[in-house]
Amino acid sequence: MALPFSIVIPTYNEAGGIETLLRALDGVFKANALDGEIIVVDDNSPDGTGAIVDRLASELPVRCLHRPGKMGLSSGVIDGWKTARPQSQALGAMDADFSHDINVLPAMVQALESGKYGLAVGSRYVPGGGIANWPKRRVVTSRVACMLARPLTNVKDVTSGYFLVKREALDGVELDPIGFKIGWEVIAKAHYGNAVEIPYVFKDRTVGESKLNQKEIINYLKQLRKLYTAKLR
Ligand SMILES: Nc1nc2c(ncn2[C@@H]2O[C@H](COP(=O)(O)OP(=O)(O)O)[C@@H](O)[C@H]2O)c(=O)[nH]1
Ligand SMILES: [Mg+2]
Numbered sequence: 359m360a361l362p363f364s365i366v367i368p369t370y371n372e373a374g375g376i377e378t379l380l381r382a383l384d385g386v387f388k389a390n391a392l393d394g395e396i397i398v399v400d401d402n403s404p405d406g407t408g409a410i411v412d413r414l415a416s417e418l419p420v421r422c423l424h425r426p427g428k429m430g431l432s433s434g435v436i437d438g439w440k441t442a443r444p445q446s447q448a449l450g451a452m453d454a455d456f457s458h459d460i461n462v463l464p465a466m467v468q469a470l471e472s473g474k475y476g477l478a479v480g481s482r483y484v485p486g487g488g489i490a491n492w493p494k495r496r497v498v499t500s501r502v503a504c505m506l507a508r509p510l511t512n513v514k515d516v517t518s519g520y521f522l523v524k525r526e527a528l529d530g531v532e533l534d535p536i537g538f539k540i541g542w543e544v545i546a547k548a549h550y551g552n553a554v555e556i557p558y559v560f561k562d563r564t565v566g567e568s569k570l571n572q573k574e575i576i577n578y579l580k581q582l583r584k585l586y587t588a589k590l591r
């Protein structure tokens, strides 16, 4: 029996692609006999993303957690995890915009199932991984963001928003809901033992708009400062 897991997809104005993504994920679950629950956390998207997910909930292994307004990606993932079904032994996150290759999810589940790893990170920065079509500016920002974290971890793609972690690894861990980088928060703080990076090729969204802005970059730097301070203490 496959390891039961819950994966959160935070959404803000993702109406253009969310149904296609949920159907495709369901296909991957079925083809690989995965026991996954999808929790979409929607922040009252003006484009009606939440209503689309509600409609699909009777048909697909998904439900929507509705929040009243735009409250941030990381806090959305954390709130979603709080509602994960009891039998899920792993918790994860994925973007709604098809940037994260859904076909590597089975390998992530398998890594945790093997008992060798407590954390599986979808990674652009290990052999086999990459970035397909990001503007140069984003590639450089992402690289620098990961470099700044190097002294704190062996994980190469710390800004990845695509990962699966053993639920027990988060017991007693206080995750800071600051900004965009919930993956980095988990990598830095959770008690997962060994981590593995599963390569995938990141594809920039073709539908909707990126919500990463200057403010989120500042938030990342603040998050880094906090993690360094905690480490030094
Ligand atoms: N619930 C929620 N989701 C968000 C928020 N900000 C971004 N997201 C979602 O988080 C994911 C990543 O955001 P995205 O705009 O693709 O960022 P990028 O991939 O860094 O350009 C997408 O699924 C967004 O819809 C937010 O404030 N609340
Ligand atoms: Mg994206």
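Residue numbers (my numbering): 359 to 591. Beta carbons are placed, not taken as given, at the ideal position from N, Cα and C, and that holds for glycine.
Next item on the list: Using three-state DSSP, classify Leu449 as helix, strand or coil.
Entry: The sequence position of residue 449 within the sequence shown is 91, counting from 1. Strand, per DSSP.
Item checked: Delimiting residues of the beta strand (DSSP E) encompassing Phe363 -> As a first step, residue 363 must be located in the sequence shown, where it is residue number 5. Unbroken beta strand (DSSP E) run through Phe363: 363-369.
Checklist line | DSSP state of Asp400 mapped onto helix, strand, coil | finding: Within the sequence shown, the letter at position 42 stands for residue 400. Correct three-state label for Asp400: strand.
Note to self: I'd like the list of long-range same chain contacts for Leu582, defined as Cβ closer than 7 Å, with 5 residues on each side in sequence excluded.
What the structure shows: Locating residue 582 in the sequence shown gives position 224, counting from the first residue. Excluding sequence neighbours, Leu582 sits near Leu506, Ala507.
Note to self: My assumption, with CB atoms under 8 Å, is that Leu533 sits in contact with Lys547. Please give the rounded CB distance.
What the structure shows: Taking the sequence shown and counting its residues from 1, one reaches residue 533 at position 175. Taking the sequence shown and counting its residues from 1, one reaches residue 547 at position 189. Between Lys547 and Leu533 the Cβ distance is about 7 Å, and since that is below 8 Å, they are a contact.
Check: Taking any heavy atom of ligand 1 as the mark, which residues have a C-beta closer than 7 Å to it, listed down the chain?
Finding: Ile367, Pro368, Thr369, Tyr370, Asn371, Glu372, Val399, Asp400, Asp401, Arg425, Lys428, Met429, Gly430, Leu431, Gly434, Asp453, Ala454, Asp455, Ser457, Gly519, Phe538, Arg563, Glu567, Ser568, Lys569, Leu570
Check: Where Leu383 and Arg591 are concerned, what is the direct C-alpha to C-alpha distance, given to the nearest angstrom?
Finding: Walking along the sequence shown from the start, residue 383 turns up at place 25. Walking along the sequence shown from the start, residue 591 turns up at place 233. For Leu383 and Arg591, the distance between alpha carbons rounds to 42 Å.
Next item on the list: Can you have a look at Arg482 and say buried or exposed, based on whether 16 or more other CB atoms are within 10 angstroms of its CB?
Entry: Residue mapping note: residue 482 aligns to position 124 of the sequence shown, counting from 1. So Arg482 ends up on the buried side.
Item checked: Distance CB(Gly375)-CB(Arg563) smaller than 9 Å -> Residue numbering aside, residue 375 sits at position 17 when the sequence shown is read from its first letter. Residue numbering aside, residue 563 sits at position 205 when the sequence shown is read from its first letter. The answer is yes: Cβ separation under 9 Å.
Check: Do the CB positions of Gly519 and Tyr578 come within less than 9 Å of each other?
Finding: Within the sequence shown, the letter at position 161 stands for residue 519. Within the sequence shown, the letter at position 220 stands for residue 578. Their beta carbons are not under 9 Å apart, which means Gly519 does not touch Tyr578 by this criterion.
Checklist line | Test item: CB-CB of Met466 and Ile556 under 9 Å | finding: For the purposes of this step, residue 466 is identified with residue 108 of the sequence shown, where counting begins at 1. For the purposes of this step, residue 556 is identified with residue 198 of the sequence shown, where counting begins at 1. For Met466 and Ile556, yes; Cβs fall inside 9 Å.
Check: In three-state terms, what does DSSP make of Arg508?
Finding: In the sequence shown, counting from the first residue as 1, residue 508 sits at position 150. Residue state, collapsed to three classes: helix.
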